[in-house]
Structures are given as structure tokens and as C-alpha cells.
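Enquirer: Quick one: structure below, then a few questions.
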Amino acid sequence: MGDRYRMPRVVRAAQVLALGLAGLGVICAASSGWLLGGRAAVETAVPFIPGFLLGLIALTFNSEGQSVRIGAILVAVMNMLWTVPSITDGRPPGPLGPLVSLAVIVLLFRRESRDWFEPPAWW
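Here the sequence shown is numbered in this note's numbering, starting from 750 and rising by one per residue.
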């Protein structure tokens with residue numbers, strides 16, 4: 750069995766980055782809510798919405814099909830565009846949002862990623 754069923758490092762790195770960004774969003778929103786109340790938690794969580802979606806998609810990286818990979822790339826692009834205003838506002842995720850999204854996009858465009866999501870035919 751071996752390496753054929755093991756997730757490639759580039760896909761695992763993209764998954765860890767996406768889940769890390771989503772986890773950071775949960776921590777930021779929870780701590781903001783705990784310190785400043787519910788309204789502040791919602792205001793802190795809004796810039797992380799595409800990051801949460803990207804984290805959910807990253808949980809499905811063991812699935813076959815290019816649609817998972819392409820969906821993750823599209824949500825990462827949306828996350829880049831969505832989080833740019835947080836840089837100028839000085840709010841989380843700041844520059845981390847676009848940087849993590851760019852890294853996920855680059856990793857998912859690698860050949861190993863394409864091969865992982867679309868394995869060769871059985872015949």
C-alpha cells in the first residue's frame with residue numbers, strides 16, 4: 750500500500766495552513782467575545798468567514814476529484830480579496846489572511862496536488 754495512499758506533503762501543508770487559519774479565527778473571535786462581548790466577537794469573526802470555509806474544505810482533502818481542489822483554490826482567492834481590508838483596518842487576520850491564501854493556492858497548483866486529487870484510472 751505505502752505511498753500511494755499517503756497524502757503528499759504539499760497537500761498536507763495546504764491543509765495545515767487552511768486549518769490553522771480557521772483555528773486562528775475561532776481563537777480570535779472567542780477571545781474577543783470573552784473580553785469585549787458578543788458584538789465584538791461577531792465583528793472579529795466576519796473577516797474570517799472565507800477562512801472558516803477554507804478550513805471546512807481542507808477537512809475533505811482525502812476525497813477524490815478535482816472539484817475539492819478547485820473549490821479550495823477559489824475559496825482561497827475569495828479569502829485573499831476578503832481579508833485585504835483587514836490589513837488597513839488593523840484587525841485580524843491582517844496580512845496573514847492573504848499570505849496563507851496565496852500559499853494554499855501555490856501548493857494546490859503543484860503537480861503532486863493535481864495527482865492526489867485525481868488518481869490514475871484503474872484500468
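Here a beta-carbon is modelled for each residue, glycine too, at the ideal position from N, C-alpha and C. All figures in this text were calculated on a predicted structure; none of them were measured in a lab.
Answer with buried or exposed for residue 865, where buried requires no fewer than 16 other C-beta atoms within 10 angstroms of its C-beta.
Expert: Locating residue 865 in the sequence shown gives position 116, counting from the first residue. The residue is buried, with at least 16 neighbouring Cβ atoms inside 10 Å.
Enquirer: Return the residue from the list 834, 857 and 755 that minimises the CA-CA distance to residue 846.
Expert: The count along the sequence shown starts at 1 and reaches residue 846 at position 97. Nearest of 834, 857 and 755 to residue 846, Cα basis: 834.
Enquirer: Rounded to whole angstroms, what is the Cα-Cα separation between residue 802 and residue 793?
Expert: Sequence index remark: in the sequence shown, residue 802 carries index 53 (1-based). Sequence index remark: in the sequence shown, residue 793 carries index 44 (1-based). Rounded to whole angstroms, the gap between the alpha carbons of residue 802 and residue 793 is 16 Å.
Enquirer: Rounded to whole angstroms, what's the CA-CA distance from residue 775 to residue 867? Just pull it up for me.
Expert: Sequence index remark: in the sequence shown, residue 775 carries index 26 (1-based). Sequence index remark: in the sequence shown, residue 867 carries index 118 (1-based). Cα to Cα, the separation comes out at about 32 Å.
Enquirer: If you check the beta carbons only, do residue 797 and residue 764 fall under 9 Å apart?
Expert: Your numbering for residue 797 matches position 48 in the sequence shown. Your numbering for residue 764 matches position 15 in the sequence shown. No, the Cβ-Cβ distance between residue 797 and residue 764 is not below 9 Å.
Enquirer: Considering just the uninterrupted stretch of the alpha helix (DSSP H) at residue 827, what are its terminal residues?
Expert: Locating residue 827 in the sequence shown gives position 78, where the first residue counts as 1. It spans 815 to 838 - the alpha helix (DSSP H) in which residue 827 sits, taken as one unbroken run.
Enquirer: Cα separation between residue 755 and residue 838?
Expert: Position 6 of the sequence shown, counted from the first residue, corresponds to residue 755. Position 89 of the sequence shown, counted from the first residue, corresponds to residue 838. Rounded to whole angstroms, residue 755 to residue 838 spans 41 Å at the Cα level.
Enquirer: Take the Cβ of residue 783 as the centre, count every other Cβ of all protein chains shown within 10 Å, and call the residue buried at 16 or more, exposed below.
Expert: Within the sequence shown, residue 783 is the residue found at index 34, counting from 1. Classification of residue 783: exposed, given that the 10 Å Cβ count is below 16.
Enquirer: Give every residue of the same chain whose Cβ lies closer than 6 Å to the Cβ of residue 800, excluding the five residues on either side of it in the sequence, and list them in chain order.
Expert: Here the question's residue 800 lines up with position 51 in the sequence shown. Counting only Cβ-Cβ distances below 6 Å, and skipping sequence neighbours, we find 770, 771, 774 and 828.
Enquirer: Please state whether DSSP places residue 868 in a helix, a strand or coil.
Expert: Residue mapping note: residue 868 aligns to position 119 of the sequence shown, counting from 1. Reduced to three states, the DSSP call for residue 868 is coil.
Enquirer: Less than 9 Å between the beta carbons of residue 768 and residue 808, yes or no?
Expert: Indexing the sequence shown from 1 puts residue 768 at position 19. Indexing the sequence shown from 1 puts residue 808 at position 59. The answer is yes: Cβ separation under 9 Å.
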